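One structure below.
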């Protein structure tokens with residue numbers, strides 16, 4: 005019987021601590037897989053927890069995105085971020101990976117209220133964009149490990165429609181979140197209809 009494969013050399017102790025903390029926070033059955041971009045030059049490791057935070061849902065989160073700097077207006081930002089996603093679609097990790105590669109390869113900035121346009125092609129018939137929000141469902145259980153080299157934030161990727169994107173640009177991400185709450189929108193459904 006052969007020994008288990010060693011973890012990749014670019015996985016840091018902070019990455020391991022983040023993965024353990026996220027697995028405990030998300031619940032369910034955890035596994036970690038490496039996702040590569042279309043060119044094969046970049047990769048990100050994603051923790052996936054089946055039946056989390058409840059049966060029928062899949063929660064996932066990047067655990068190595070924080071190894072890459074964030075850039076705001078071409079200047080390196082002092083903080084780092086990991087992205088979470090929750091969906092009825094068990095392939096939600098594809099959405100989270102697509103977001104991560106915009107940060108890694110495209111140097112897109114990541115903060116609450118920011119929308120990444122056009123990332124859901126092939127994943128959803130009704131939703132095309134991703135809005136980033138604080139992960140309210142998990143926030144009380146998320147903490148930055150003491151080993152982190154920089155301030156670490158966690159954001160949840162929420163799929164939105166074209167009309168919802170326009171509303172967020174006009175009224176702000178907080179107003180869109182309020183609209184979702186008022187209408188009882190199932191934000192975990194990648195195939196949900198637009199609220200607008």
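In this note's numbering, the protein residues as written are 5 to 200.
Positions of the beta carbon are idealized from the N, C-alpha and C atoms, including for glycine.
These numbers come from a predicted model, not from an experiment.
In whole angstroms, what is the alpha-carbon distance linking residue i and residue j?
| i | j | result |
| --- | --- | --- |
| residue 35 | residue 180 | 32 Å |
| residue 191 | residue 44 | 31 Å |
| residue 91 | residue 166 | 19 Å |
| residue 100 | residue 64 | 8 Å |
| residue 60 | residue 54 | 8 Å |
| residue 47 | residue 173 | 30 Å |
| residue 94 | residue 88 | 14 Å |
| residue 68 | residue 182 | 31 Å |
| residue 121 | residue 144 | 29 Å |
| residue 125 | residue 132 | 6 Å |
| residue 8 | residue 51 | With a pLDDT of 44 at residue 8, under the threshold of 50, the modelled position of that residue is not reliable, and the figure given next carries that caveat. Their Cα atoms are separated by approximately 19 Å. |
| residue 189 | residue 197 | 9 Å |
| residue 26 | residue 134 | 21 Å |
| residue 171 | residue 137 | 15 Å |
| residue 169 | residue 123 | 13 Å |
| residue 77 | residue 16 | 28 Å |
Report the residue from the options whose alpha carbon sits nearest the alpha carbon of residue i.
| i | options | result |
| --- | --- | --- |
| residue 57 | 65, 127, 32, 80 | 32 |
| residue 161 | 116, 16, 127, 182 | 116 |
| residue 148 | 24, 15, 38 | 24 |
| residue 72 | 105, 195, 138, 125 | 105 |
| residue 177 | 118, 131, 123, 40 | 118 |
| residue 163 | 107, 175, 102 | 102 |
| residue 195 | 137, 130, 171, 168 | 130 |
Apart from the five residues just before and just after residue i, which ones in its own chain have a Cβ nearer than 8 Å to its Cβ?
| i | result |
| --- | --- |
| residue 70 | 18, 19, 22, 84, 85, 86, 152, 154, 156 |
| residue 187 | 199 |
| residue 139 | 88, 146, 158, 159, 160 |
With DSSP collapsed to three states, give me the class of residue i.
| i | result |
| --- | --- |
| residue 187 | helix |
| residue 9 | Only weak support exists for where residue 9 lies, its pLDDT of 47 falling under 50; the coordinates are left without a value. |
| residue 166 | helix |
| residue 119 | strand |
| residue 105 | helix |
| residue 58 | coil |
| residue 86 | strand |
| residue 91 | strand |
| residue 130 | coil |
| residue 17 | helix |
| residue 171 | helix |
| residue 193 | coil |
| residue 49 | strand |
| residue 74 | coil |
| residue 96 | helix |
| residue 38 | strand |
Only counting the same chain, and skipping five residues up and downstream in sequence, which positions put a Cβ closer than 7 Å to that of residue i?
| i | result |
| --- | --- |
| residue 184 | 191, 199 |
| residue 75 | 81, 111, 113 |
| residue 98 | 127 |
| residue 29 | 142, 145, 146 |
| residue 175 | none |
Beta-carbon within less than 6 Å of residue i's beta-carbon, same chain only, minus the 5 sequence neighbours each way: which residues are those?
| i | result |
| --- | --- |
| residue 193 | 92 |
| residue 49 | 36, 38, 67, 68 |
| residue 96 | 62, 64, 89 |
Assuming residue i contacts residue j under a Cβ cut-off of 8 Å, what Cβ separation, rounded to an integer in Å, is found between them?
| i | j | result |
| --- | --- | --- |
| residue 41 | residue 109 | 6 Å |
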